[in-house]
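Chemist: Using UniProt numbering, read the sequence shown as starting at 1 and increasing by one per residue.
This structure is in structure tokens; I'll ask about it shortly.
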Amino acid sequence: MAENRDYGYLWIDQLCIDQGNVSERSQQVEMMEHIYSQASEILIWLGEIKSETKPVHGCHPEWNTCRTFMRVLNVRYDELSSVIASIRKMTVQDSPDQLFVQEVTQEITSGNSNFSDHHTVSKDDPGGECGLSCVLVHAKPEDQALTLFLSSLTHISERPYWSRLWIIQEIFLAPTGSLITVLWGDHCAKWPMLCDMVSLVQLLDEDLRPYGFKLGRSGCHLETLATMYMENRRSQRTPWDKWSFHKALQIVAGNAFQCADARDRFYGLQGIVRDDERVPVDYSLTIEEAFVKYFPA
């Protein structure tokens, strides 16, 4: 991986920190804010592609959906554009819904999409015929573009990576202008494009239900991360705009982000907490001692 990129160091927390050395672990976790905020590229590693399933046309199903999804993210949104175009054809002429789809389609084909800027979608058709809410109900189930898109998004949202607490600050602290790259097997895509995809699906959530579409268990984590990132990008957040300790804990608890060590529920968030509310990272404390010290009754 490092050979294919023009930078000198590749830092992986599980490999670069001696997990059995309490002192080193405490010190390195304190330094994570500096490490992530100075990175030229953040790599999101979703793991290898499973190969235990039966190949279809010479390719394993998961590899096939991965390849499809990554191609959608990388090739000027062409596949997604065709999906939106098919939706557009089924909307009522000049209805608010059709105008919305036209706008989104134009953004997709221009490569400047930012779906999360659209907060509402009109679902009522003045003509009483067919609004966006029932467009997908009338779409043909065998529509391959739509099926592949939904199947691929489901697969990528089910990756356990998204539920890891530690990735919150990895994405949040990425400096403006740095690359955030999603890696899955031998395929890669840009993180902002994935965020745009998730934002579009959020807008069409009710419309996709007739197809039985539902983001996987980790889907809520992916949605939370994408939303946080897009809000960050719009607001041009600076270090002075970090969260309160209480807000950070609420986000972790409310979205059930996971960590192996209970102490990391607050140690793993220090990089995104305001300086005056941060707690010292000290793994020499037991779980009970840490909670008593930092959350006194």
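Note that CB positions come from ideal geometry on N, CA and C, so glycine has one too.
Are there 16 or more other CB atoms within 10 angstroms of the CB of E170, so buried, or fewer, so exposed?
Modeler: Label assigned to E170: buried.
Chemist: In angstroms, rounded to a whole number, what distance separates the CA positions of L10 and E277?
Modeler: So the two alpha carbons sit approximately 30 Å from each other.
Chemist: Please name the residue, chosen from E33, I12, I44, that lies closest to Y267 on a Cα-to-Cα basis.
Modeler: Considering only alpha carbons, the answer is E33.
Chemist: Within the same chain, show all residues whose beta-carbon is closer than 8 Å to that of V273, passing over the 5 residues directly before and after it, in chain order.
Modeler: Counting only Cβ-Cβ distances below 8 Å, and skipping sequence neighbours, we find K242, W243, S244, F245, A248.
Chemist: For V182 versus I44, is the C-beta spacing smaller than 8 Å?
Modeler: Contact: yes.
Chemist: If you draw a straight line from the C-alpha of C188 to the C-alpha of S284, how long is it?
Modeler: Rounded to the nearest angstrom, the two C-alpha atoms are 39 Å apart.
Chemist: Just tell me which of D275, Y229, S163 has its CA closest to the CA of A260.
Modeler: The option with the nearest alpha carbon to A260 is S163.
Chemist: Could you give the C-beta distance for I17 and Q28, rounded to a whole number, given that I count them as a contact under 8 Å?
Modeler: Contact holds; Cβ gap of about 5 Å.
Chemist: May I ask which residues mark the beginning and end of the beta strand (DSSP E) holding A189?
Modeler: Segment 187-190, the beta strand (DSSP E) holding A189.
Chemist: From this set, Y36, T154, L15, R25, which residue's C-alpha is nearest P280's C-alpha?
Modeler: Per the Cα distances, R25.
Chemist: Per DSSP, which residues does L43 bridge with? Please list them.
Modeler: Per DSSP, T181.
Chemist: For W243, which residues does DSSP report across the bridge?
Modeler: The partner list for W243 (beta bridge, DSSP) reads V273.
Chemist: Quick one: give me the first and last residue of the alpha helix (DSSP H) that D18 is part of.
Modeler: Where D18 is concerned, there is no enclosing alpha helix (DSSP H), given that its DSSP letter is neither H nor E.
Chemist: Excluding the five sequence neighbours on either side, which residues of its own chain have a C-beta within less than 6 Å of the C-beta of I180, listed in chain order?
Modeler: Correct list, in chain order: I42, A174, W191.
Chemist: In chain order, what residues of the same chain lie with their CB nearer than 7 Å to the CB of D264, ignoring the 5 residues before and after it?
Modeler: Closer than 7 Å at the Cβ level, and outside the excluded window around D264, lie L165.
Chemist: Identify the continuous alpha helix (DSSP H) that holds F266 and give its terminal residues.
Modeler: 264-267 is the span of the alpha helix (DSSP H), which, as asked, contains F266.
Chemist: Does the separation of the CB atoms of I156 and F257 fall below 8 Å?
Modeler: Against a cut-off of 8 Å, the Cβ pair of F257 and I156 comes out as no contact.
Chemist: I believe M228 touches F172 by the beta-carbon criterion, under 8 Å. Please report the beta-carbon distance rounded to the nearest angstrom.
Modeler: With a Cβ gap of about 7 Å, M228 and F172 count as contacting.
Chemist: From what residue to what residue does the alpha helix (DSSP H) around S163 run?
Modeler: Taken as a continuous stretch (DSSP letters only), S163 belongs to no alpha helix (DSSP H), as it is neither H nor E.
Chemist: Tell me whether E223 is buried or exposed, calling it buried when 16 or more other Cβ atoms sit within 10 Å of its Cβ.
Modeler: Classification for E223: buried.
Chemist: What are the boundary residues of the alpha helix (DSSP H) that Q28 is part of?
Modeler: Taken as a continuous stretch (DSSP letters only), the alpha helix (DSSP H) holding Q28 covers 22-37.
Chemist: I'd like the list of long-range same chain contacts for E48, defined as Cβ closer than 7 Å, with 5 residues on each side in sequence excluded.
Modeler: The residues are G185.
Chemist: Which residue marks the beginning of the alpha helix (DSSP H) containing V281, and which one marks its end?
Modeler: No alpha helix (DSSP H) contains V281, which DSSP labels as neither H nor E.
Chemist: Relative to the C-alpha of E158, which residue among H221, Q38, Q250, G8 is closest?
Modeler: E158 has its Cα closest to that of H221, out of H221, Q38, Q250, G8.
Chemist: What does DSSP give as the partner residue(s) for Q258 in the beta ladder?
Modeler: Note: Q258 sits in a beta bridge opposite R164.
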